[in-house]
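Novice: Attaching a single structure in structure tokens format; questions to follow.
Number of protein chains: 2
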Amino acid sequence: MTNLLDSTRERILAAAEELFARTGVATTSLRAITALARVNLAAVNYHFGSKDGLVEAVYRRRLEPLNRARLSNLEKVEAAAGGAPPALEDVMEAFIVPVVKLGQDPAQGGPTVMRLLGQTHTEAAGYFRTYFAGEYREVLERYQDVLARILPDLPPEQIKNRLAFLVGAMTYPIAERQLLELLTGEEVCRQDIDTMMKQLVPFAVAGFRAPPVSSRRKRASSTRKKSSSTRSRQ
Amino acid sequence: MTNLLDSTRERILAAAEELFARTGVATTSLRAITALARVNLAAVNYHFGSKDGLVEAVYRRRLEPLNRARLSNLEKVEAAAGGAPPALEDVMEAFIVPVVKLGQDPAQGGPTVMRLLGQTHTEAAGYFRTYFAGEYREVLERYQDVLARILPDLPPEQIKNRLAFLVGAMTYPIAERQLLELLTGEEVCRQDIDTMMKQLVPFAVAGFRAPPVSSRRKRASSTRKKSSSTRSRQ
DNA sequence: GTCTATAGAGGGATAGAC
DNA sequence: GTCTATCCCTCTATAGAC
Numbered sequence: 093m094t095n096l097l098d099s100t101r102e103r104i105l106a107a108a109e110e111l112f113a114r115t116g117v118a119t120t121s122l123r124a125i126t127a128l129a130r131v132n133l134a135a136v137n138y139h140f141g142s143k144d145g146l147v148e149a150v151y152r153r154r155l156e157p158l159n160r161a162r163l164s165n166l167e168k169v170e171a172a173a174g175g176a177p178p179a180l181e182d183v184m185e186a187f188i189v190p191v192v193k194l195g196q197d198p199a200q201g202g203p204t205v206m207r208l209l210g211q212t213h214t215e216a217a218g219y220f221r222t223y224f225a226g227e228y229r230e231v232l233e234r235y236q237d238v239l240a241r242i243l244p245d246l247p248p249e250q251i252k253n254r255l256a257f258l259v260g261a262m263t264y265p266i267a268e269r270q271l272l273e274l275l276t277g278e279e280v281c282r283q284d285i286d287t288m289m290k291q292l293v294p295f296a297v298a299g300f301r302a303p304p305v306s307s308r309r310k311r312a313s314s315t316r317k318k319s320s321s322t323r324s325r326q
Numbered sequence: 093m094t095n096l097l098d099s100t101r102e103r104i105l106a107a108a109e110e111l112f113a114r115t116g117v118a119t120t121s122l123r124a125i126t127a128l129a130r131v132n133l134a135a136v137n138y139h140f141g142s143k144d145g146l147v148e149a150v151y152r153r154r155l156e157p158l159n160r161a162r163l164s165n166l167e168k169v170e171a172a173a174g175g176a177p178p179a180l181e182d183v184m185e186a187f188i189v190p191v192v193k194l195g196q197d198p199a200q201g202g203p204t205v206m207r208l209l210g211q212t213h214t215e216a217a218g219y220f221r222t223y224f225a226g227e228y229r230e231v232l233e234r235y236q237d238v239l240a241r242i243l244p245d246l247p248p249e250q251i252k253n254r255l256a257f258l259v260g261a262m263t264y265p266i267a268e269r270q271l272l273e274l275l276t277g278e279e280v281c282r283q284d285i286d287t288m289m290k291q292l293v294p295f296a297v298a299g300f301r302a303p304p305v306s307s308r309r310k311r312a313s314s315t316r317k318k319s320s321s322t323r324s325r326q
């Protein structure tokens with residue numbers, strides 16, 4: 093625990109995070125990392141054992157506080173509600189806001205981290221499924237439980253699915269900001285991620301409040317006329 | 093155009109798709125691809141020029157029909173509505189259903205393609221931004237226009253953002269099925285992607301119908317009491 | 001069009017001096 | 001803890017025989 097904020101260890105972590113976020117883990121070499129960090133190549137193996145060890149350290153440094161914040165936020169929301177189910181909007185914010193905070197605070201990584209998080213799921217798969225699954229799973233389970241109390245008519249599987257939708261809706265725009273610039277004409281991304289994530293809250297709240305999908309029939313309830321042409325072609 | 097479905101070219105495409113989907117483009121070597129395809133290593137460069145050429149061909153083969161279907165579906169929905177704005181649900185289905193179809197039809201790639209699509213945005217970035225941007229951009233713009241007519245009170249930037257949320261909500265669960273298994277206890281993924289995507293429709297419809305977020309204040313309208321504790325910690 | 005053989009670059013890791 | 005030098009591996013791409 094030699095913690096000069098500028099120690100070799102820290103410089104490596106920062107450089108690796110930067111490059112992983114920019115071009116992905118697989119395409120980033122230790123040579124590129126140590127060059128950017130202005131540190132010797134062998135230092136990575138000394139401090140982290142291997143490239144995999146470094147990758148895990150980079151992700152863990154950000155994911156742990158993120159998930160802790162999500163859990164503690166949820167506890168606070170529940171406490172404030174007494175025994176009653178908390179407001180759905182509060183729960184959504186408890187989940188989403190920690191990501192925004194992470195991206196706003198340069199000390200926690202700032203905007204760079206956001207892209208890193210976006211790559212988490214694709215990239216991380218091979219590297220540290222075990223750690224990742226453990227940490228993340230607890231968060232999802234806790235949120236699932238609370239959501240089940242707020243939305244008693246929504247079957248558990250549909251709660252899980254909608255949580256997956258939420259994670260995707262949050263991750264993708266963060267990760268693919270640059271791509272979205274190309275695709276949508278750049279104004280989208282002039283706004284910061286901050287704004288975007290705040291707009292995600294009402295979107296997600298409304299999505300969760302949508303009526304459950306009945307399992308056998310395909311949405312039979314509404315009174316709209318169905319334009320059958322929609323279904324005819326691939 | 094030698095089109096025996098089992099030509100060397102096709103075998104390479106199939107093997108590459110399989111491996112890209114499983115472990116990503118960067119970590120998949122031409123050696124692994126040609127071994128799986130039971131084809132000579134040099135064949136890749138003969139048929140596709142380079143690894144990048146192969147990557148582009150693999151993605152293009154799936155993305156082109158997908159986006160064409162989205163556009164033609166949208167046209168049909170608009171035609172069926174006469175001059176009036178079509179139903180929001182029809183538009184969402186026009187966008188989402190082609191992905192489901194793709195995943196259902198083994199001839200179009202089947203379940204494998206779904207993971208490939210999930211990696212599209214992260215992976216594709218470096219390879220063929222140009223092609224990708226052109227093709228995809230048209231789709232997003234057309235949907236944007238229609239959505240703007242359906243939801244005249246929602247500012248264009250918020251329509252764009254919500255489209256990004258939708259793409260993420262669709263992409264992530266598809267791409268990370270295996271990860272979701274670990275995280276949520278496996279029942280989620282016993283259901284097929286088919287079911288999941290159908291559940292995405294009402295989620296997205298409700299999300300788009302959520303009231304616009306006013307730009308200056310942070311959601312001042314609702315009558316709920318706000319538990320300020322949510323905001324206190326990171 | 002298909003194959004073998006190999007060039008040539010770049011990767012991760014480590015031994016051993018300091 | 002830091003550095004140099006190097007080992008050994010895998011990769012993409014290509015030349016040239018068939």
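Respectively, the protein sequence lines represent chains A and B.
For the first sequence, the working numbering gives the first residue as 93, with consecutive numbering after it.
For the second sequence, the working numbering gives the first residue as 93, with consecutive numbering after it.
Ideal Cβ positions, reconstructed from N, Cα and C, are used throughout, including at glycine.
Source: prediction; values computed, not measured.
Verify the CB distance criterion: does P294(A) have a CB-CB separation below 9 Å to chain B?
Specialist: Start at 1 with the first residue of the first sequence, and residue 294(A) comes out as number 202. Yes, P294(A) counts as interfacial toward chain B.
Novice: Kindly indicate if chain A contains any beta-carbon less than 9 Å away from that of P265(B).
Specialist: Along the second sequence, one-based indexing puts residue 265(B) at 173. It does; some Cβ of chain A falls within 9 Å.
Novice: Helix, strand or coil, according to DSSP, for S164(A) in the structure here?
Specialist: Here residue 164(A) refers to the residue found at position 72 when the first sequence is read from its first residue. It is helical.
Novice: The alpha helix (DSSP H) with V136(A) in it runs from where to where?
Specialist: Numbered from 1 along the first sequence, position 44 holds the residue referred to as residue 136(A). Its alpha helix (DSSP H) spans residues L133 to F140.
Novice: Give a yes or no on whether the C-beta atoms belonging to Y223(B) and N159(B) are separated by under 9 Å.
Specialist: Within the second sequence, numbered from 1, the residue matching residue 223(B) stands at position 131. Within the second sequence, numbered from 1, the residue matching residue 159(B) stands at position 67. Not in contact: Y223(B) and N159(B) (Cβ atoms no closer than 9 Å).
Novice: Could you tell me if R269(B) is buried or exposed, where buried requires 16 or more neighbouring beta carbons within 10 angstroms of its beta carbon?
Specialist: Within the second sequence, the letter at position 177 stands for residue 269(B). Buried.
Novice: Can you give the beta carbon distance from N253(A) to Q250(B), rounded, assuming they're within the 8 Å contact cut?
Specialist: On the first sequence, residue 253(A) is found 161 positions in, with the first residue counted as 1. On the second sequence, residue 250(B) is found 158 positions in, with the first residue counted as 1. The pair is not a contact, with the Cβ atoms about 24 Å apart (cut-off 8 Å).
Novice: State yes or no: is the C-beta of T126(A) within less than 9 Å of the C-beta of Y264(B)?
Specialist: If you number the first sequence from 1, residue 126(A) lands on position 34. If you number the second sequence from 1, residue 264(B) lands on position 172. Not in contact: T126(A) and Y264(B) (Cβ atoms no closer than 9 Å).
Novice: Name, please, each residue of chain A whose Cβ falls closer than 8 Å to the Cβ of P203(B).
Specialist: Residue mapping note: residue 203(B) aligns to position 111 of the second sequence, counting from 1. Within chain A, no residue comes near P203(B); the closest Cβ sits about 16 Å away, beyond 8 Å.
Novice: For chain A, find out if any of its Cβ atoms is closer than 9 Å to the Cβ of M288(B); answer yes or no.
Specialist: Residue 288(B) sits at position 196 when you count from the first residue of the second sequence. Yes, M288(B) lies at the interface with chain A (some Cβ there is under 9 Å from its Cβ).
Novice: Could you please tell me which residues of the segment 250–264 of chain B, in chain order, have their CB closer than 9 Å to any CB of chain A?
Specialist: Q250, K252, N253, R254, L255, A256, F257, L258, V259, G260, A261, M262, T263 and Y264
Novice: Considering only the alpha carbon of each residue, which of V238(B), R154(B), V191(B) and T119(B) lies closest to A176(B)?
Specialist: Indexing the second sequence from 1 puts residue 176(B) at position 84. Here the closest residue by C-alpha is V238(B).
Novice: Under 9 Å, do K193(A) and A171(A) count as touching if we go by C-beta distance?
Specialist: Residue mapping note: residue 193(A) aligns to position 101 of the first sequence, counting from 1. Residue mapping note: residue 171(A) aligns to position 79 of the first sequence, counting from 1. No; because the gap between Cβ atoms is not below 9 Å, this pair is not in contact.
Novice: I think L255(A) touches Q236(A), with their Cβ atoms under 8 Å apart; what is that distance to the nearest whole Å?
Specialist: What you label residue 255(A) is simply residue 163 of the first sequence in a count that begins at 1. What you label residue 236(A) is simply residue 144 of the first sequence in a count that begins at 1. Sure, about 7 Å apart at Cβ, within 8 Å.
Novice: Since G195(B) and M206(B) should fall inside the 8 Å C-beta cutoff, what is the C-beta to C-beta distance between them, to a whole number of angstroms?
Specialist: Residue numbering aside, residue 195(B) sits at position 103 when the second sequence is read from its first letter. Residue numbering aside, residue 206(B) sits at position 114 when the second sequence is read from its first letter. At roughly 5 Å, the Cβ-Cβ gap stays under 8 Å, so G195(B) and M206(B) are in contact.
Novice: According to DSSP, simplified to helix, strand and coil, what is V305(B)?
Specialist: Working through the second sequence from its first residue, we reach residue 305(B) at position 213. It is coil, neither helix nor strand.
Novice: Quick check on V305(A) - is its C-beta less than 9 Å from some C-beta in chain B?
Specialist: Your numbering for residue 305(A) matches position 213 in the first sequence. Yes, V305(A) lies at the interface with chain B (some Cβ there is under 9 Å from its Cβ).
Novice: Mind checking which residues open and close the alpha helix (DSSP H) that includes E109(B)?
Specialist: Taking the first residue of the second sequence as 1, we reach residue 109(B) at position 17. Unbroken alpha helix (DSSP H) run through E109(B): T100 to T115.
Novice: Report the CB separation of F295(A) from G299(B) in whole angstroms; it is logged as a contact under 8 Å.
Specialist: As a first step, residue 295(A) must be located in the first sequence, where it is residue number 203. As a first step, residue 299(B) must be located in the second sequence, where it is residue number 207. Confirmed, about 4 Å.
Novice: Ignore the nearest five residues each way along the sequence and tell me which others in L133(B)'s own chain have a CB closer than 8 Å to its CB.
Specialist: Residue 133(B) sits at position 41 when you count from the first residue of the second sequence. For L133(B), where only same-chain residues beyond five positions count, the Cβ hits under 8 Å are L122, R123 and T126.
Novice: For a contact meaning CB atoms closer than 7 Å, what does A301(A) contact in chain B?
Specialist: Taking the first sequence and counting its residues from 1, the one referred to as residue 301(A) is at position 209. Note that residue 301(A) is Arg in the sequence shown here, rather than Ala. For the C-beta of R301(A), the chain B residues within less than 7 Å are, from N- to C-terminus, A298.
Novice: R207(A) by DSSP, collapsed to three states: which one?
Specialist: Locating residue 207(A) in the first sequence gives position 115, where the first residue counts as 1. If DSSP states are grouped into helix, strand and coil, R207(A) belongs with the helices.
Novice: So which residues on chain A does L122(B) lean against when the C-beta distance must stay under 9 Å?
Specialist: Reading the second sequence from its first residue, position 30 is the one you call residue 122(B). Those within 9 Å of L122(B) in chain A number zero; the least Cβ separation is about 15 Å.
Novice: Give the residues of chain A in contact with G175(B), contact being defined as C-beta atoms less than 9 Å apart.
Specialist: Your numbering for residue 175(B) matches position 83 in the second sequence. Within chain A, no residue comes near G175(B); the closest Cβ sits about 14 Å away, beyond 9 Å.
Novice: Report the rounded CA-to-CA distance for A189(A) versus M289(A), giving the unit in angstroms.
Specialist: Taking the first residue of the first sequence as position 1, residue 189(A) is located at position 97. Taking the first residue of the first sequence as position 1, residue 289(A) is located at position 197. Looking at the sequence provided, one finds Val at residue 189(A) rather than Ala. Cα to Cα, the separation comes out at about 8 Å.
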